[in-house]
Amino acid sequence: MTHPSAKPKNIFIVGPMGAGKTTIGRQLARSLGWEFVDSDHEIVARTGVQIPVIFDVEGEVGFRRREKKVIDELSACQRLVLATGGGVVLDAENRRRLNERGVVVYLHASAEQLFKRTARDRNRPLLQTADPQQKIRDLLVQREPLYREVADIVMETGEENVRAVVRKLMGHLKRFGIVNESEQSKLR
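So, in structure tokens, the structure goes:
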């Protein structure tokens, strides 16, 4: 693994759907004065259609191909907070790029918390099953080791509010030379 201070100045947020990647990423970018992009939103903006439509027309393979292109392009930026899709870690090249091009933060939450947060969201194609709660558990079994493999920082998003998670995350980012004391004090 790269020495923390040698990492490029980007922050990539990984984790399962419902972990808070977009919400926490947006707040973190605001606190740092950096640009924020959600890779799923970027795919929608580029294609002009919602993700479920991409899944219907191109399947998950087609979606992952589009996701890989977006990750390659956006991860080459600087001073960017990028919230990735939950399945971004399935591709070894995505994991390598994220790890080489920035600090990777894994937002962790329990399967029960994820189900609570995503239960009413119809814009998540992988959860359109007879048992979405079991699907979440299955996805976590498959992806959890990959999230941990790529992560420089693991953050629990359980019951804490967004501001508290961002404050803790800013503390962790100090060792990567991204946050200094004065920036962190703005959040207190």
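If you're matching positions, the sequence shown starts at 30 in this note's numbering and goes up one per residue.
Cβ coordinates follow ideal geometry from the N, Cα and C atoms, glycine included.
Three-state secondary structure assigned by DSSP to residue i
i    : result
E189 : coil
T31  : Model confidence at T31 stands at a pLDDT of 49, short of 50, so the residue's coordinates are unreliable; what they give is reported in the following sentence. DSSP places T31 in coil when its eight states are reduced to three.
I207 : coil
M184 : strand
V220 : A question about residue 220 goes unanswered here, because the residues of the chain that appear run from 30 up to 217.
V132 : strand
V78  : coil
G54  : helix
A48  : coil
K38  : coil
D160 : coil
Residue i versus residue j - alpha carbon distance
i    : j    : result
V133 : A74  : 24 Å
V208 : T113 : 21 Å
R204 : P161 : 38 Å
W63  : E89  : 31 Å
A193 : G187 : 11 Å
V86  : G206 : 43 Å
I182 : H201 : 7 Å
R94  : N39  : 22 Å
G44  : G77  : 25 Å
E122 : K98  : 11 Å
R172 : G116 : 8 Å
M184 : H137 : 6 Å
Q56  : F41  : 14 Å
E96  : R146 : 23 Å
DSSP bridge partner residues for residue i (one or two, in chain order)
i   : result
E64 : L109
F84 : DSSP lists no partner for F84.
V43 : Y135
Option nearest residue i by Cα separation, candidates the options
i    : options                : result
A58  : P45, V110, E102        : V110
D164 : R177, E141, Y176, L175 : Asp is not the amino acid found at residue 164; the sequence shown has Lys there. The residue with the shortest Cα to Cα distance from K164 is E141.
S139 : V170, Q107, C106       : V170
Y135 : S104, R177, D120, C106 : R177
Q107 : L119, L127, I53        : L127
Within-7 Å CB hit, residue i to chain C
i    : result
Y135 : This model lacks chain C altogether; it includes just one protein chain.
Assigned exposure category for residue i - 16 Cβ within 10 Å defines buried
i    : result
V82  : exposed
D101 : exposed
V179 : buried
M30  : For M30, the predicted model reports a pLDDT of 48, less than 50, meaning its position is unreliable and no value from the coordinates is stated.
A48  : buried
R130 : buried
R125 : exposed
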